[in-house]
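Colleague:
2 protein chains.
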Amino acid sequence: MPETSTATPESLSQTLAESGLRATPQRELVFNILLKKRDHPTADEVFARVKAEMPTISLATVYNCLETLVQCRVVRAVNFERGPTRYCPNQKPHAHFHDEQTGSTHDIDLPPGLLDQVKTILPEGYDANSVEIIFRGKAQS
Amino acid sequence: MPETSTATPESLSQTLAESGLRATPQRELVFNILLKKRDHPTADEVFARVKAEMPTISLATVYNCLETLVQCRVVRAVNFERGPTRYCPNQKPHAHFHDEQTGSTHDIDLPPGLLDQVKTILPEGYDANSVEIIFRGKAQS
DNA sequence: GTGAGATTTAGAATTATTCCAATAAACTAA
DNA sequence: TTAGTTTATTGGAATAATTCTAAATCTCAC
Ligand SMILES: [Mn+2]
Ligand SMILES: [Mn+2]
Ligand SMILES: [Zn+2]
Ligand SMILES: [Zn+2]
């Protein structure tokens, strides 16, 4: 299992404040749920998990919170196929491995410098501020 | 502009036959439309372009044809954000550059060996059969 | 405590895609 | 050819994911 680097629950309120946003119970819970099980859940899955602890929360709020967390860059939205967006609280530069057998998604640590190295293939005139790498295949067990 | 490598209109019928599928006018037209303007159109955009030449075609057929072409591997389905799937007839291994200003997507040629090199970062037990690379940023003009 | 602005909420609306059942077209065998 | 069989297309209904909207609730500054 790769190491992960994330905002902590404590630093979240800090980060939100820096964007002029409030640290609401809903935002904190959505974030904590993402931290608890790092399996790249969909909004619906997050909703189900969150609802178990806060039965009155709405799906619209889960979407709102996820969007907010993505804007604040404490969560990454992951899209690599038709189908619902998945959410990832791993802040470290990492790639995604999509296991085609199980449908599960794993984080892959990137060696330092790899993203910059990959960027060197860009022709003149292209200036990338992010690089995303997605593997597809079979992962053992 | 990167070189592209694609199936030709002639080889399409061949490729379809190899999969036991028929080379229908709809499939050929959808494919030719993709070849004509390589801007990674959505199914809706393909539908509009195709309809100009074959006014009776249906959107369902466009989806069916695109799906067939993807299965035959003469077209790639591209998904890197919420929103409709985009389609690309470039068969060569290439990355995508998403220009955030214009929303347009450009093909980026990959130096030979780059994908294999990137695969070497995978830990034991991960066996990737494909690697996708997506850049986001600003492209000149 | 009040008022302004931010956030949440339920439900409606929208978008993209898939499904379905009926028709049409193409291929096969006689 | 033609009848039978399979494949493909079509329009419309259905579904899935997300976004929108307007009303209620909450928070913060005063
Ligand atoms: Mn999505
Ligand atoms: Mn899509
Ligand atoms: Zn991740
Ligand atoms: Zn492409």
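As you go down the protein sequences, you meet chains L and X in turn. For the first sequence, the positions run 1 to 141 when the working numbering is used. For the second sequence, the positions run 1001 to 1141 when the working numbering is used. Just so it is clear, CB atoms sit at the ideal spot from N, CA and C, and this is done for glycine as well. Every value quoted in this text rests on a predicted model; they were computed, and no experiment measured them.
#1: Could you tell me whether any Cβ in chain L is nearer than 9 Å to the Cβ of F1080 (chain X)?
#2: What are the boundary residues of the alpha helix (DSSP H) that includes A23 (chain L)?
#3: Flag T56 (chain L) as yes when its Cβ comes closer than 8 Å to any non-hydrogen atom of ligand 4, and as no otherwise.
#4: Do K1138 (chain X) and D1099 (chain X) have their C-beta atoms closer together than 9 Å?
#5: Using the Cα positions of E1003 (chain X) and T42 (chain L), report the straight-line distance between them to the nearest angstrom.
#6: Rounding to the nearest angstrom, what Cα-Cα distance links A50 (chain L) and E67 (chain L) in this structure?
#7: By the 10 Å Cβ neighbour count, where 16 or more other Cβ atoms means buried, how is M1001 (chain X) classified, buried or exposed?
#8: Given that N64 (chain L) touches chain X, what residues does it touch there, using C-beta distances under 9 Å?
#9: For L1029 (chain X), which residues from the same chain have a beta carbon less than 7 Å from its beta carbon, with the 5 sequence-adjacent residues on both sides left out?
#10: Would you list the one or two residues that DSSP bridges to T105 (chain L)?
#11: How far does the beta strand (DSSP E) with E132 (chain L) in it extend, from its first residue to its last?
#12: So, is E1124 (chain X) buried or exposed, given that buried needs 16 or more other C-beta atoms within 10 angstroms?
#13: Taking Cβ-Cβ distances shorter than 7 Å, what residues in chain X pair up with D127 (chain L)?
#14: Inspect the beta-carbon positions of F135 (chain L) and L1122 (chain X) and report whether they are closer than 9 Å.
#15: Does the beta-carbon of N1090 (chain X) have 16 or more other beta-carbons within 10 angstroms, so that it is buried, or is it exposed?
#16: Would you grab the beta carbon distance between R82 (chain L) and T1085 (chain X) for me? Rounded to a whole angstrom, and I think it's under 8 Å.
#17: Just checking R76 (chain L) against ligand 6 - is the residue's beta carbon closer than 8 Å to any of the ligand's heavy atoms?
#18: So what does DSSP say about C1072 (chain X), is it helix, strand or coil?
#19: For T1042 (chain X), which three-state DSSP category applies?
Modeller: Answer, in terms of the structure:
#1: yes
#2: Neither: A23 (chain L) is in no alpha helix (DSSP H) and is coded neither H nor E.
#3: no
#4: yes
#5: Because the pLDDT at E1003 (chain X) is just 45, under 50, the model does not fix this residue reliably, and the value given afterwards should be weighed accordingly. Whole-angstrom Cα-Cα distance: 37 Å.
#6: First, the amino acid is wrong: residue 50 (chain L) is Val here, not Ala. If you take the alpha carbons of V50 (chain L) and E67 (chain L), they lie about 16 Å apart.
#7: The pLDDT assigned to M1001 (chain X) is 48, lower than 50, so where the model puts this residue is not dependable; a value taken from the coordinates is nonetheless given after this. Exposed.
#8: None at all; the shortest Cβ gap to chain X is about 15 Å.
#9: V1050, E1053, M1054
#10: L:H98
#11: 126 to 139
#12: exposed
#13: G1137, K1138
#14: yes
#15: buried
#16: 6 Å
#17: As for ligand 6, it is missing from this structure, which binds only ligand 1, ligand 2, ligand 3 and ligand 4.
#18: coil
#19: strand
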